[in-house]
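Accompanying notes for the structure given below.
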Amino acid sequence: MQFGPQKVSFRARNLILLATIMVQACATNPVTGKQDFVMMSEQQEVSLGKSYHQQVLKEYSVYQEPGLQAYVDRIGQDLAAKSHRPHLNWTFTLLDSPEVNAFATPGGYVYITRGIMAYMQDEADLAGVIGHEIGHVTARHSVR
């Protein structure tokens, strides 16, 4: 079998066509508006998030202040309802940790530490932190 210029050219064109089709097949990320190629389905993402949630709860305990937990959840649920992925089963957890931190895991799990809460001056500060974490989930940053 020979691989002359015409044969290579044909293969190169097919490869370029296939690559173009694959790029075109990528979904558009609703947050960034850019082409997005994530190999994980939303169902897999949620399942992964549930697994991570169990790991987080083994490492950190939940802060036992029901009123404050409800407050964080209310702010989070209000923001999540206005996000690009309101259909997720969003979970907002206040962790009993002195660390100044907030983070999110796949599938709609958002964590705020009591350490960062000490720096909050008002509801807008809390909403800003929670909104930032919701942004990571909606843009699917953790499943890339």
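Going by the working numbering, the first residue of the sequence shown is number -18, and it counts up by one from there. All C-beta atoms in this analysis are idealised placements derived from N, C-alpha and C, irrespective of residue type, glycine included. None of these values were measured; they are calculated from a predicted model.
Check, Outcome
"What does the alpha-carbon distance come out to for the pair Ala85 and His117?", "7 Å"
"Does DSSP put Val19 in a helix, in a strand, or in coil?", "coil"
"With 16 as the cutoff for other CB atoms within 10 Å, does Leu38 come out buried or exposed?", "exposed"
"May I ask you to verify whether the region 69 to 76 touches the region 27 to 42, counting CB pairs closer than 8 Å and requiring at least 3?", "yes"
"Do we get a CB-CB distance below 8 Å when we pair Thr72 with the residues of chain C?", "No chain C is part of this structure, which consists of one protein chain only."
"For the alpha helix (DSSP H) that Tyr41 lies in, which residues bound it at each end?", "First-last for Tyr41: undefined, no H or E at that position."
"Using three-state DSSP, classify Tyr33 as helix, strand or coil.", "helix"
"Use the C-beta contact count for Ala83: other C-beta atoms within 10 angstroms, 16 or more gives buried, fewer gives exposed.", "buried"
"Tell me where the alpha helix (DSSP H) around Tyr52 begins and ends.", "Pro47 to Ala62"
"According to DSSP, which residues form a beta bridge with Ala105?", "None; Ala105 has no bridge partner."
"Do you know how far the Cα of Tyr44 is from the Cα of Ala6?", "Its pLDDT being 49, under 50, Ala6 is placed unreliably in this model, and the coordinates cannot settle the point."
"Do Thr119 and His65 have their C-beta atoms closer together than 8 Å?", "yes"
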